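K.L.:
One structure follows; several queries about it will come next.
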Amino acid sequence: MKLKEIFIISQGTKKILAITISVSILAVIFAFFHYRGINRSEDPRIVRAKDFLAEYEKITGNINSIESFHLLDSASAIFSALPDYICSFEKGVILNNKCSSILINAIYSSEIGEEDRVRLLARSMKYCDSSITLYRRWLADWEHLSYEAIAGKLKPFMDENDPAYRGFNFRKIFDRRIKDIITSQYETPRRLSVSYTNKATIYRHMNQPDSALAYNSLALELWEDNRVAKSNLNVLMGGEPVKPKLIESLFPPSRKKTGI
Numbered sequence: 014m015k016l017k018e019i020f021i022i023s024q025g026t027k028k029i030l031a032i033t034i035s036v037s038i039l040a041v042i043f044a045f046f047h048y049r050g051i052n053r054s055e056d057p058r059i060v061r062a063k064d065f066l067a068e069y070e071k072i073t074g075n076i077n078s079i080e081s082f083h084l085l086d087s088a089s090a091i092f093s094a095l096p097d098y099i100c101s102f103e104k105g106v107i108l109n110n111k112c113s114s115i116l117i118n119a120i121y122s123s124e125i126g127e128e129d130r131v132r133l134l135a136r137s138m139k140y141c142d143s144s145i146t147l148y149r150r151w152l153a154d155w156e157h158l159s160y161e162a163i164a165g166k167l168k169p170f171m172d173e174n175d176p177a178y179r180g181f182n183f184r185k186i187f188d189r190r191i192k193d194i195i196t197s198q199y200e201t202p203r204r205l206s207v208s209y210t211n212k213a214t215i216y217r218h219m220n221q222p223d224s225a226l227a228y229n230s231l232a233l234e235l236w237e238d239n240r241v242a243k244s245n246l247n248v249l250m251g252g253e254p255v256k257p258k259l260i261e262s263l264f265p266p267s268r269k270k271t272g273i
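Here it is, written out as structure tokens:
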């Protein structure tokens, strides 16, 4: 067989390649417009805040994440400037992120002394308590509202004639905000559970096991699949840390609201 014959493409192969290329192009075009539509349905007033949070998310869990609090502070300032976001669940996420970062630093940093560690634990507790207060308040205000009730509550704050919405599809933005709140009606109890777990961890490192036990139990009442709370509770009871089974690692439990 001559070399040039190796590179000869049959008519059938050409058709398959043409179809494959066409499908790939269509997939790229679909993805572009799909995600462009999603991005343009985000409330333009908080897009920059979401960008700050996304940037911080990249370093979450890092012992040095405390050095990037300016990202959380910038996001918080944007939310705080908007009446309908001052007590939003997003603010609770920011507070608990700060709590978690300081807690990680207090527990794992080898460069601090005991006095600084105690100070960091107290600072972490402050942010933890603030997140718990905010989540509870948010749930009291929004947890049981219907789509229509949420829409009615948002209308005074989201005005279609606001210059911030110029050039955007206000109906899509308004609808997305309602759906985000509906999603948070069952996600926020899970977030609150995480805050309780953090509080329990702080108490454990403050050598207050009874308080740690109580808050781990509260965390599990809100979210029975909270693995960290399960593990901490087991350790407090004299057992070993709970490691997730392989199948659980591959397919984490559904984040559904429990009966609370």
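In the numbering used here, the protein residues as written are 14 to 273.
The C-beta atom is built at its ideal place from N, Cα and C for all residues, glycine as well.
Since the structure is predicted, the reported quantities are computational estimates derived from the model, not experimental observations.
Looking at S76: is its Cβ nearer than 7 Å to the Cβ of Y121?
P.N.:
A quick correction: the sequence has Ile, not Ser, at residue 76. Going by C-beta atoms, I76 is nearer than 7 Å to Y121.
K.L.:
Cutting at 6 Å between CB atoms, please list the residues of its own chain near Y228, excluding the five before and the five after it.
P.N.:
So the list reads Y209, K212 and A213, once near-sequence residues are dropped.
K.L.:
Would you grab the beta carbon distance between R189 and E55 for me? Rounded to a whole angstrom, and I think it's under 8 Å.
P.N.:
Right, their Cβ atoms sit about 7 Å apart.
K.L.:
From what residue to what residue does the alpha helix (DSSP H) around A140 run?
P.N.:
Note that residue 140 corresponds to Tyr in the displayed sequence, not to Ala. Y140 -> alpha helix (DSSP H) spans E127 to W155.
K.L.:
Does the beta-carbon distance from A242 to L235 come in below 7 Å?
P.N.:
Result no, Cβ atoms of A242 and L235 do not sit closer than 7 Å.
K.L.:
Out of curiosity, what's the CA-to-CA distance linking E68 and L84?
P.N.:
Taking the straight line joining both Cα atoms gives about 8 Å.
K.L.:
How should P202 be labelled, buried or exposed, when 16 other C-beta atoms within 10 angstroms of its C-beta is the threshold for buried?
P.N.:
Label assigned to P202: buried.
K.L.:
Hey, quick one: how far does the alpha helix (DSSP H) through D64 stretch, first residue to last?
P.N.:
That run of the alpha helix (DSSP H) goes V60 to E70.
K.L.:
For Q198, report the span of its alpha helix (DSSP H) as first-last.
P.N.:
Residues F183 to H218.
K.L.:
Kindly indicate which residue of I215, S114 and I59 has the alpha-carbon position closest to the one of K71.
P.N.:
Ranking I215, S114 and I59 by Cα distance to K71 puts S114 first.
K.L.:
My assumption, with CB atoms under 8 Å, is that R240 sits in contact with Y148. Please give the rounded CB distance.
P.N.:
The pair is not a contact, with the Cβ atoms about 20 Å apart (cut-off 8 Å).
K.L.:
Using a Cβ-Cβ cut-off of 6 Å (strictly less than) and excluding sequence neighbours within five positions of F102, which residues of its own chain qualify?
P.N.:
If we look at F102 and ignore the five residues flanking it on each side, its Cβ neighbours are W151, S197 and T201.
K.L.:
Relative to the alpha-carbon of S316, which residue among Q221, L246 and D238 has its alpha-carbon at the smallest distance?
P.N.:
It is not possible to answer for residue 316, since the shown part of the chain is limited to 14 through 273.
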